[in-house]
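Engineer:
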């Protein structure tokens, strides 16, 4: 049978080469047919190569970011029972959630996860605008692979604005879309973070410790 063949590079150059991926002739004695033509995929931001491809027209395209089949996401859905906005700022300058003046500590923070294994630990950190200090606590997500939730109690500085940041990481397995490879390296863990109401970046961590940060979580604001 014909074999698949692929190139992925930032720049593809060269000339005078020929790429052949078709299968060999069949064996008439045993009744075997000949091999198929095979497939060729070429991905590069710059492609100036002058090559000939025997027997098949190559598929061309730009390199794309590797992603899990179901991209993970994590968000803060409510603080002190007040739902977070659809388009949060996550900054001290503009409050995303304003709590009633009667609010007392501790304050409940509701979390929602998507495509994160249940039982995964999540760290919730709180930082006030002044003072330079921060506090953190840990909780565990429960539910299903597709949808998890958790509620944790935190101490907020009630006399000033504060930012809440949540983060988690989990190991990629066959059950949650693995394995995934980047430039020949196997991705071992996925780290997900978020601020109030919004989804933050997803970071793939390879076995060697290399980190690949995606711009933002797919399907999330």
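In the working numbering, the protein residues as written are 182 to 402.
Just so it is clear, CB atoms sit at the ideal spot from N, CA and C, and this is done for glycine as well.
Since this is a predicted model, take the numbers as computed values, not measurements.
Kindly indicate which three-state DSSP category residue 230 falls into: helix, strand or coil?
Structural biologist: Sequence index remark: in the chain shown, residue 230 carries index 49 (1-based). Residue state, collapsed to three classes: coil.
Engineer: Report the residue from 368, 298, 346 whose alpha carbon sits nearest the alpha carbon of residue 291.
Structural biologist: Position 110 of the chain shown, counted from the first residue, corresponds to residue 291. Looking at the Cα atoms, 346 is the closest of the given residues.
Engineer: Go through the stretch 238-300 residue by residue and report every complete run of the beta strand (DSSP E) that reaches 3 residues or more, in order.
Structural biologist: Correct list: 240-242, 254-260, 288-295.
Engineer: In three-state terms, what does DSSP make of residue 327?
Structural biologist: In the chain shown, the residue the question calls residue 327 occupies position 146. Of the three classes helix, strand and coil, the one that applies to residue 327 here is coil, per DSSP.
Engineer: Over the uninterrupted beta strand (DSSP E) stretch that includes residue 352, give me the two end residues.
Structural biologist: The residue given as residue 352 occupies position 171 in the chain shown. Residue 352 -> beta strand (DSSP E) spans 343-352.
Engineer: Taking residue 357 as the reference, which of 328, 343, 333 has the closest Cα?
Structural biologist: For the purposes of this step, residue 357 is taken as the residue at position 176 of the chain shown. Of the listed residues, the one whose Cα sits closest to residue 357 is 328.
Engineer: Once you ignore the five residues that flank residue 384 on each side, which residues in its own chain have a CB closer than 6 Å to its CB?
Structural biologist: Residue 384 sits at position 203 when you count from the first residue of the chain shown. The answer, listed in chain order, is 372, 392, 394.
Engineer: Work out the CA separation of residue 350 and residue 254 for me, nearest whole Å.
Structural biologist: The residue given as residue 254 occupies position 73 in the chain shown. The residue given as residue 350 occupies position 169 in the chain shown. Across the structure, residue 254 and residue 350 are spaced so that their CA atoms are roughly 11 Å apart.
Engineer: By Cβ distance, which residues of its chain are closer than 6 Å to residue 334, with the 5 residues on each side in sequence left out?
Structural biologist: In the chain shown, the residue the question calls residue 334 occupies position 153. So the qualifying residues of the chain are 287, 289.
Engineer: Using the rule of at least 16 other Cβ atoms within 10 Å of the residue's Cβ for burial, across every protein chain shown, is residue 241 buried or exposed?
Structural biologist: Position 60 of the chain shown, counted from the first residue, corresponds to residue 241. Exposed: under 16 other Cβ atoms inside 10 Å.
Engineer: Would you call the CB atoms of residue 343 and residue 386 closer than 8 Å?
Structural biologist: Position 162 of the chain shown, counted from the start, is the residue given in the question as residue 343. Position 205 of the chain shown, counted from the start, is the residue given in the question as residue 386. Residue 343 is not a Cβ neighbour of residue 386, given a cutoff of 8 Å.
Engineer: Please name the residue, chosen from 280, 295, 355, that lies closest to residue 381 on a Cα-to-Cα basis.
Structural biologist: The count along the chain shown starts at 1 and reaches residue 381 at position 200. When only C-alpha atoms are compared, the closest one is 295.
Engineer: Report yes if the CB atom of residue 256 is closer than 8 Å to the CB atom of residue 331, and no otherwise.
Structural biologist: Locating residue 256 in the chain shown gives position 75, counting from the first residue. Locating residue 331 in the chain shown gives position 150, counting from the first residue. The answer is no: Cβ separation not under 8 Å.
Engineer: Thinking just about the alpha-carbon of each residue, which of 370, 377, 363 is nearest to the one in residue 297?
Structural biologist: To locate residue 297, count along the chain shown from 1; it is residue 116. Closest by alpha carbon: 370.
Engineer: Excluding the 5 residues preceding and the 5 following residue 195 in the sequence, name in chain order all residues of the same chain whose CB lies nearer than 6 Å to its CB.
Structural biologist: The sequence position of residue 195 within the chain shown is 14, counting from 1. Closer than 6 Å at Cβ, skipping near neighbours: 230.
Engineer: On a CA-only basis, which of 368, 303, 310, 363 is nearest residue 354? Give me that one, please.
Structural biologist: Within the chain shown, the letter at position 173 stands for residue 354. It is 368.
Engineer: Going by beta carbon distance, what residues of the same chain come within less than 7 Å of residue 284, once the five residues before and after it are set aside?
Structural biologist: Taking the chain shown and counting its residues from 1, the one referred to as residue 284 is at position 103. Taken in chain order, the residues that qualify are 261, 339.
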